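In our numbering, the protein residues as written are 101 to 791.
For glycine and all other residues, C-beta sits at the position ideal for the given N, C-alpha and C.
Computed from a predicted structure; not experimentally measured.
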C-alpha cells in the first residue's frame, strides 16, 4: 500500500529496512496491520534471554531520541560545487560541506558497507568545546538560514560543564553519528577515534554498544605537545596534560581488518645505539658478514611435513666486527653501518625445530652454514627462504636489515608498534598543509599509521572522516598515495562553522572551517602535482596528464535543501492516510510544475540518484535509442539505471519497457498519468521508481 514516505524524497530509511528484514524472516511476529507484536516475539525466544529485571546498561538522558534520530531519513540533498572543486574529473575524493549527521544519512544508502577506514577527531568535551546541535532534524530553518544566508558560517553551542546535561549532550552527539557510520563500514573495516581523558571512559562504553565489545582492539596512548592542543585547563590543580588517546574498533573481529605488521615505531640507528650505550644496555648488531664465500650442498633433511631442507656449508667466508672495520677502513661507525647495511648481523640461540634438525645433521662442526626451505608459517610462509647459522652451536644469524630500513641518508630501526606512540613530530604540525590551524591539528604521519594498519595501496580503499576539521585526513591520504603509488580515496565532511573566534584564520581570509578544509587540500593536491611533474615529467607529456594527476584533487559538495518543494508539505492530523496522500499528490502537481529547468537539472539528477543508492561519483550518458524522451544511463560502477527528468513520459518510452523488463527505470512522479504509471509498474515491478 502506498504511503506518504513513498512520495517523499528521502534518504535511506533504516528503521523501515530493519523492520522489513525482520518481517521477511518472521512474518508471524507482525499483526495484520504490519506492526511488530512484542508479545509474540517474546514467545519465540528463550525466556532466559528476556529479562524484566534490572541489568547493567549504559544509559544517559536523550539516548533513545539520539538512536531514533540516527535512523530517521533525511529529506535534504547534496549539491556539486564545481567552483571549489580541484581536478574533479580526475579524482573520486569528496569534501562535503554540511552538518555531518545529515550528510551521513544521505550517504548511508549509497556507501553502505563501502568504507574501509574511518578516522575521526571529534570535539573532546573539555568544557569549552563546540558541540553539534542535533535540533537540525527538528527545525532545519535555522540551519538553512545560517548556511545559506549568513556567509560567515554557523555558530555552534558551547557545551559548558555547569550544564546539567554536560556529558549527555556529548554522548547524544556521538551516539547517533557512530550508529549511522557503522552501517558504512565494510565487514573488514576499522574505526579510529581520537579522544582525551574527559570522555575516554564514556567513549569506550559507547563504542562497546555500537560496535560490540568483542570488536574492541586497543586504546593507544599518544604523546602530544601542549602546543598541538594537548594541554588543558586547571593545571594549577591537576597535572599538565601531554597525552591523548586513540580508540580502535573493527566491524568484525573474525575478519582480518588490520595488518599489524605494517605499523612500526621508527628511530635513527645512530640515536638508538647511543641510547643503548647511555642506558648501559647491550647493542647486539655489531658484526658484518663481509664475504659469504662459496657454498656447497652438504645434505638434505626433511621438515615436519616431509618437505626438503637443503643444508649448505660455506668456505672462504669473512666476518668482521664493526670496530675492526672502523679501524681498518678509517671511516666512522655510522658510515660502516651504511656501507655494510645488508650484511650487519647478530647471532641468536633461539630454539626452533628447523635449527634442531640442522644441529643433528651437521653436529659440532664449526663454520658458516645456510639452509634453503619453504616455511609453513610466519612472515615468509610459502616462500623459498634462506637462513644462516654459525659456529659449533649453530647460532642463527639475525640481520639488521630485518629490523631496520635504509631511507636515503639515514638508517632507521623499526620495531612493531604497541599501545604507546611516542614517535610523531608535533613541532611543525600547526603549519602542515601550508595552513596554520590553532587547535587539535594532527600530524599526517599519525593518520598515515592508521591508514597503513587498515588499508592497502593496491586496493581502492575508501577512508571517511566526518569531523573533517583542517582536512588532515585528506592530506594524509593523498600524500600516502603519492609515496606508495596507492589508490585510496577519501570522504571528508565538515560543518561550515564560523571562524570568528579564531583570529589567525579570520586574518588569513577564512570565514568558515570548511573553507580551511577545502583550501588546505587544494594546496596539497597542487603541490603534489608539481612534485610529481618535477620527478616524472614524462608522465605529463603525450596527452597523459589526466592519468598523471589521477587522485590528486577532489569534488566539493554542499548540503542544501531538497530540490523538491514537496518537503515543505505537512500532513493534516485530522485527515485519513488516503486523504493526506491525495493532498500530497495535488501539492506535487501544483508546486512542481516547473520543477525541471536548465539551471537545476544536474542538481535534480544528483538528488534522485543519491536517494536511490548511487554514489556521488556517478556518470550519466544519453541513450540515443529513445527518440521521444531524453533518457540517461547512470552508473556508479556498482549499479546502473535508466533515468528521465522530462516533465512528460511519452507512450513510446512506456512501450519500450514492455519489451525490456530487465531495466531499472526512474522518472518524475508528475511526469506520469495514472495509466502510464500503472503500466510501468506492471512491466518493471520493483525495478521502477517514480520519484
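Measure from the alpha carbon of residue i to the alpha carbon of each residue in the options, then state which is nearest.
{"i": "residue 762", "options": "560, 785 and 751", "result": "785"}
{"i": "residue 615", "options": "447, 185, 137 and 673", "result": "185"}
{"i": "residue 535", "options": "528, 543 and 620", "result": "620"}
{"i": "residue 160", "options": "275, 104 and 121", "result": "275"}
{"i": "residue 529", "options": "514, 522, 546 and 516", "result": "546"}
{"i": "residue 670", "options": "682, 659, 660 and 663", "result": "682"}
{"i": "residue 729", "options": "143, 755, 737 and 739", "result": "755"}
{"i": "residue 628", "options": "217, 641, 576 and 489", "result": "576"}
{"i": "residue 583", "options": "725, 306 and 544", "result": "544"}
{"i": "residue 386", "options": "370, 364, 421 and 358", "result": "421"}
{"i": "residue 600", "options": "372, 287, 253 and 381", "result": "253"}
{"i": "residue 347", "options": "293, 603 and 604", "result": "293"}
{"i": "residue 737", "options": "719, 688, 747 and 428", "result": "719"}
Tell me the DSSP bridge mates of residue i?
{"i": "residue 399", "result": "411"}
{"i": "residue 506", "result": "511"}
{"i": "residue 142", "result": "Its beta-bridge partners do not exist; DSSP assigns none."}
{"i": "residue 419", "result": "389"}
{"i": "residue 307", "result": "Answer is none; residue 307 lacks a bridge partner."}
{"i": "residue 292", "result": "219 and 348"}
{"i": "residue 321", "result": "345 and 520"}
{"i": "residue 773", "result": "Paired residues: none, contrary to the question."}
{"i": "residue 720", "result": "734"}
{"i": "residue 490", "result": "468 and 495"}
{"i": "residue 790", "result": "767"}
Can you tell me whether DSSP reads residue i as helix, strand or coil?
{"i": "residue 527", "result": "coil"}
{"i": "residue 638", "result": "helix"}
{"i": "residue 239", "result": "Any answer about residue 239 is weak, because its pLDDT of 44 lies below 50 and its placement is not dependable; what the coordinates show is given next. Residue state, collapsed to three classes: coil."}
{"i": "residue 331", "result": "With a pLDDT of only 47 at residue 331, under 50, the local geometry of the prediction cannot be trusted, and the value read off the model is given with reservation. DSSP places residue 331 in coil when its eight states are reduced to three."}
{"i": "residue 572", "result": "helix"}
{"i": "residue 183", "result": "helix"}
{"i": "residue 521", "result": "strand"}
{"i": "residue 249", "result": "Reliability of the predicted coordinates at residue 249 is poor, the pLDDT of 44 falling under 50, and the value obtained from them is presented with this limitation in mind. Reduced to three states, the DSSP call for residue 249 is coil."}
{"i": "residue 436", "result": "helix"}
{"i": "residue 664", "result": "coil"}
{"i": "residue 654", "result": "strand"}
{"i": "residue 470", "result": "strand"}
{"i": "residue 591", "result": "strand"}
{"i": "residue 561", "result": "coil"}
{"i": "residue 364", "result": "strand"}
{"i": "residue 426", "result": "helix"}
{"i": "residue 160", "result": "coil"}
{"i": "residue 630", "result": "helix"}
{"i": "residue 742", "result": "strand"}
{"i": "residue 537", "result": "coil"}
{"i": "residue 431", "result": "coil"}
{"i": "residue 446", "result": "strand"}
{"i": "residue 177", "result": "strand"}
{"i": "residue 582", "result": "helix"}
{"i": "residue 383", "result": "coil"}
{"i": "residue 495", "result": "strand"}
{"i": "residue 354", "result": "coil"}
Can you tell me the Cβ-Cβ gap for residue i and residue j, rounded? I've got them flagged as a contact below 8 angstroms.
{"i": "residue 519", "j": "residue 388", "result": "Contact doesn't hold; Cβ gap of about 35 angstroms is too wide."}
{"i": "residue 169", "j": "residue 108", "result": "Actually they do not touch by this definition, with Cβ atoms about 17 angstroms apart."}
{"i": "residue 708", "j": "residue 749", "result": "Wrong, their Cβ atoms sit about 14 angstroms apart, outside the cutoff."}
{"i": "residue 500", "j": "residue 436", "result": "Residue 500 to residue 436, Cβ: 12 angstroms. No contact."}
{"i": "residue 417", "j": "residue 398", "result": "15 angstroms between Cβ atoms; not a contact."}
{"i": "residue 449", "j": "residue 495", "result": "5 angstroms"}
{"i": "residue 130", "j": "residue 137", "result": "6 angstroms"}
{"i": "residue 551", "j": "residue 767", "result": "Rounded, the Cβ-Cβ distance is 42 angstroms, inconsistent with contact."}
{"i": "residue 401", "j": "residue 457", "result": "5 angstroms"}
{"i": "residue 190", "j": "residue 646", "result": "5 angstroms"}
Under 8 angstroms, Cβ to Cβ, is there at least one residue of chain B near residue i?
{"i": "residue 404", "result": "In the structure shown, chain B does not exist; there is a single protein chain."}
Notebook entry, point to check: Using 8 angstroms as the threshold, is the segment 551-565 in touch with the segment 606-626, meaning 3 or more CB pairs across them?
Noted result: no
Notebook entry, point to check: Just checking, does the segment 707-721 make contact with the segment 208-215 on the three C-beta pairs under 8 angstroms criterion?
Noted result: Yes, since at least three Cβ pairs between the segment 707-721 and the segment 208-215 fall closer than 8 angstroms, the two stretches touch.
Checklist line | the segment 307-320 touching the segment 342-361, judged by at least three CB pairs closer than 8 angstroms | finding: yes
Check: Touch check for the segment 688-698 and the segment 721-737: three-plus C-beta pairs under 8 angstroms?
Finding: no
Notebook entry, point to check: At a cut of 8 angstroms, does the segment 178-198 reach the segment 291-303 through at least three beta carbon pairs?
Noted result: The segment 178-198 vs the segment 291-303: no contact.
Checklist line | Stretch-stretch touch, CB-based, cutoff 8 angstroms, three pairs: the segment 281-294 with the segment 473-486 | finding: no
Notebook entry, point to check: For the 8 angstroms Cβ check, are there 3 or more pairs between the segment 661-676 and the segment 109-125?
Noted result: yes
Next item on the list: Report yes or no: do the segment 389-407 and the segment 589-606 share at least 3 C-beta pairs separated by less than 8 angstroms?
Entry: Counting Cβ pairs under 8 angstroms, fewer than three are found: no touch.
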